[in-house]
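Notes follow the structure.
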Amino acid sequence: MNMTQKKTSRLRTAIVAVAAAGLIAAQMPHAAAESIHDNPLYTGMGILVDRGQEPSAAVHAAPLALVKTAGKWGAVSTTGTAVIAAEYDEIRPYAEDYLLVRQGKKWGVFRADGKQVVPAAYRHIEELTEDRIVVQDMDKKWGCYGTDGTLILPVTQRDVVPYHDGAALVQGTDKRWSFYRADGSRLTEKTYAYVGIFSEGLASVMEDKKHVGFIDKTGAEVIAPQYASASIFSEGLAAVEVGGKWGFIDKTGTMVIAPQYREIPMGFSEGLAAVRGKKGLAYIDKTGTQVFAAPYDYALPFHDGLAEVRRKVKSTNFLGAVLTIAAGTAGQFIYDPLML
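Take the sequence shown: its position 99, counting from 1, is numbered 334 in this note's numbering, and each next residue is one higher.
This is the structure in structure tokens:
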């Protein structure tokens with residue numbers, strides 16, 4: 236099998252796995268199809284963030300068997316010892332060595348060793364990131380637990396975006412945003428209208444709902460607010476919007492690719508970024524040179540030399556009308572699932 240065949244085989248497997256995971260995730264309480272966080276700098280950040288978690292496909296190092304007794308679910312070890320009492324309406328995988336449990340409409344989290352780390356009291360549980368579990372209660376208030384069961388952030392916040400690069404985004408009752416460290420302490424006392432997640436040591440902030448700048452992890456402003464919108468940094472560059480057009484800046488705030496694009500769906504990955512101009516989508520390098528056109532409706536980042544691209548097609552299936560294809564780093568056509 237040559238390298239192209241191997242990549243195609245891996246891609247075929249990955250696409251099937253992603254499709255299956257998508258069906259599962261759509262049902263999971265911690266994996267909403269659309270973001271429920273009221274923060275445009277987070278929900279529209281234009282980058283695929285790898286959290287290092289695949290909760291819907293999680294496996295458990297400690298073998299457990301789910302058992303049903305008198306209509307309720309629990310879990311036992313391979314020796315038959317009760318690990319989780321049979322008092323739950325549902326038990327599902329959450330992350331490696333963790334399980335979701337449900338009582339009525341309320342969810343909680345157990346470790347596979349039987350320790351309950353989040354009580355079954357919450358309507359929504361985000362995926363596990365950086366050993367922190369963000370929750371939303373029945374009154375739609377947010378908070379956060381550690382994987383040892385410690386309450387890191389009291390469940391009184393208006394919103395909490397999960398930890399990334401060592402910080403969580405927290406919106407207080409005054410609707411202003413701030414950053415919190417993993418131990419629950421404030422990173423900076425200053426608050427903002429909106430904030431983006433930290434990536435490569437910098438985070439976007441919007442103080443007046445008009446202009447976006449960037450701060451570092453000390454809270455110091457390193458790039459002055461001057462952009463209409465911005466993505467997170469990836470591979471040293473961040474997409475920014477100026478005058479209705481998008482370009483890229485480096486970490487000093489220097490514009491390295493002039494604003495000229497209608498849209499930049501994702502940041503740089505493996506040296507390439509998808510951009511949308513007058514002639515549609517294309518991939519560019521870090522000098523702004525077009526490497527190849529991408530005549531599709533959607534284009535995702537490159538990983539291991541392959542990128543997923545999508546074209547809308549007419550379809551009657553309930554999953555929607557999207558054709559998934561892939562392109563190599565030279566733009567060559569690799570795989571079309573409809574050709575199987």
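In this text, a Cβ means the ideal position worked out from N, Cα and C, and glycines have one as well.
| Asked | Found |
| --- | --- |
| Exposure of G287, with buried meaning 16 or more beta-carbon neighbours within 10 Å | Its pLDDT being 40, under 50, G287 is placed unreliably in this model, and the value from its coordinates should be taken loosely. With fewer than 16 other Cβ atoms within 10 Å, it is exposed. |
| Contact belief for P476 with A463 at Cβ below 8 Å, rounded distance in angstroms | Note on identity: in this sequence residue 476 is Glu, with Pro being the wrong assignment. Confirmed, about 4 Å. |
| Nearest neighbour of V369, chosen from V510, Q351, L388 [CA to CA] | L388 |
| Close beta carbons around Q392, own chain, < 7 Å, minus the five adjacent residues each side | K376, W377, G378, V405, Q406, G407 |
| Inter-residue spacing [alpha-carbon to alpha-carbon] between E424 and H446 | 20 Å |
| Alpha-carbon spacing of R337 relative to I432, whole angstroms | 30 Å |
| Buried versus exposed, by CB contacts within 10 Å (16 or more), E363 | Note on residue identity: the sequence assigns Leu, not Glu, to residue 363. It is buried - the Cβ of L363 has at least 16 other Cβ atoms within 10 Å. |
| Test item: CB-CB of A438 and V430 under 8 Å | yes |
| Neighbourhood of I458 by C-beta, 6 Å cutoff - its chain only, sequence neighbours within 5 removed | G448, F449, G488 |
| CB-CB length for Q371 against H359, believed under 8 Å | 4 Å |
| DSSP-derived helix/strand/coil call for I326 | strand |
| Exposure label - L516; buried when at least 16 CB within 10 Å | buried |
| Distance between G306 and G436 (C-alpha atoms, nearest Å) | 49 Å |
| Contiguous beta strand (DSSP E) assignments of at least 3 residues, all confined to the region 318 to 380 | 325 to 330, 333 to 338, 341 to 346, 351 to 360, 367 to 372 |
| Closest residue to S504 among L472, D485, F527, I484 (Cα-Cα distance) | L472 |
| Residue from V390, F345, V440, Y398 with nearest C-alpha to R411 | V440 |
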